[in-house]
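**Q** Residue numbers (the numbering used here): 1 to 257.
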């Protein structure tokens, strides 16, 4: 037997006082951006922000194969390659995992270690400087040469932002020899407090005879590296043409940093 529920009782739950509990909305889930790959020739505006525009110009085949081959062999054998000692923030010394040499009228200082002026440009380097200047439309007075002997040689994350390079420096990077991956990562937002987890990333395989130009705010808003690789790689020469300015000195004679 069923018993009818009085209508007043049946509807009483609707009129009962209700309580609400407020929950703070969870932080939005951030996704790690997919790394982009740039392989084709072209001009790329990779970011635009308060600092300005960051641009890349990629020119594969800037040097023809035969020309690149003999230049690579000659520079590998004849440049005054040496291993440089740098210093970490705490003062610890370490040997760079690559060989270098410097050309220019002025010294160049990075990682608290100076490379002395060297005005005796190798004839091949003088020829290449002229060709790079004609292609890029920019003048360069200095050149940092890097030799990556194998896949274990590398250079860590950094920006070419030394005071002697001036604001928004233009860097022309010419690759000879085996292919290595040139990686870029954007500087994190201030609120990320140096955490690079969610920044944009780009990788560029730099092949034999390829020219890469970094322009605009690349050295302000981005870092770059050539990471170690754990498989066989042959030697690679990287020629980075740049313009160096005299650094102002304090009255004590110390460089302004």
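Ideal Cβ placement from N, Cα and C applies to all residues, glycine included.
Just checking my contact of residue 201 with residue 33 at CB under 8 angstroms: how many whole Å lie between their CB atoms?
**A** Counting from one through the chain shown, the residue named residue 201 turns up at place 201. Counting from one through the chain shown, the residue named residue 33 turns up at place 33. Confirmed, about 7 angstroms.
**Q** Which value, in whole angstroms, describes the spacing of the CA atoms of residue 98 and residue 224?
**A** For the purposes of this step, residue 98 is identified with residue 98 of the chain shown, where counting begins at 1. For the purposes of this step, residue 224 is identified with residue 224 of the chain shown, where counting begins at 1. Roughly 16 angstroms between the two C-alpha positions.
**Q** Measure from the alpha carbon of residue 63 to the alpha carbon of each residue in 55, 121 and 72, then state which is nearest.
**A** The residue given as residue 63 occupies position 63 in the chain shown. Among 55, 121 and 72, the Cα nearest to that of residue 63 belongs to 72.
**Q** Between the alpha carbons of residue 232 and residue 95, how many angstroms are there, rounded?
**A** As a working mapping, residue 232 is identified with position 232 in the chain shown. As a working mapping, residue 95 is identified with position 95 in the chain shown. Whole-angstrom Cα-Cα distance: 22 angstroms.
**Q** Report all residues from its chain with a CB closer than 7 angstroms to the CB of residue 111; omit the five preceding and five following residues, and keep chain order.
**A** By one-based count along the chain shown, residue 111 stands at place 111. Once the five neighbours on either side are set aside, the close Cβ partners of residue 111 are 86 and 87.
**Q** Shortest alpha-carbon distance to residue 67 belongs to which of 243, 210 and 230?
**A** By 1-based counting over the chain shown, the position of residue 67 is 67. Minimum Cα distance to residue 67 is reached at 210.
**Q** Would you check if the region 170-178 and the region 130-147 touch, i.e. whether three or more CB-CB distances between them fall below 8 angstroms?
**A** Yes, since at least three Cβ pairs between the region 130-147 and the region 170-178 fall closer than 8 angstroms, the two stretches touch.
**Q** Identify whether residue 70 lies in helix, strand or coil by the three-state DSSP scheme.
**A** Residue 70 sits at position 70 when you count from the first residue of the chain shown. Residue 70: helix per DSSP, three-state reduction.
**Q** My output table needs one value for residue 34: the three-state DSSP class, helix, strand or coil.
**A** If you number the chain shown from 1, residue 34 lands on position 34. If DSSP states are grouped into helix, strand and coil, residue 34 belongs with coil.
**Q** When the Cα atoms are used, what is the spatial distance from residue 219 to residue 146?
**A** Taking the first residue of the chain shown as 1, we reach residue 219 at position 219. Taking the first residue of the chain shown as 1, we reach residue 146 at position 146. Straight-line Cα distance between these residues: approximately 19 angstroms.
**Q** My output table needs one value for residue 186: the three-state DSSP class, helix, strand or coil.
**A** Here residue 186 refers to the residue found at position 186 of the chain shown. Strand at residue 186.
**Q** Quick check: the Cα distance between residue 150 and residue 28, rounded to an integer number of angstroms?
**A** Taking the chain shown and counting its residues from 1, one reaches residue 150 at position 150. Taking the chain shown and counting its residues from 1, one reaches residue 28 at position 28. Near 43 angstroms, if we compare the C-alpha coordinates of residue 28 and residue 150.
**Q** Please report the straight-line C-alpha distance between residue 116 and residue 83, rounded to a whole angstrom.
**A** Reading the chain shown from its first residue, position 116 is the one you call residue 116. Reading the chain shown from its first residue, position 83 is the one you call residue 83. Rounded to the nearest angstrom, the two C-alpha atoms are 14 angstroms apart.
**Q** Apart from the five residues on each side of it in sequence, which residues of its chain come closer than 7 angstroms, Cβ to Cβ, to residue 335?
**A** Outside the modelled stretch of the chain, which goes from 1 to 257, sits residue 335, for which no answer is possible.
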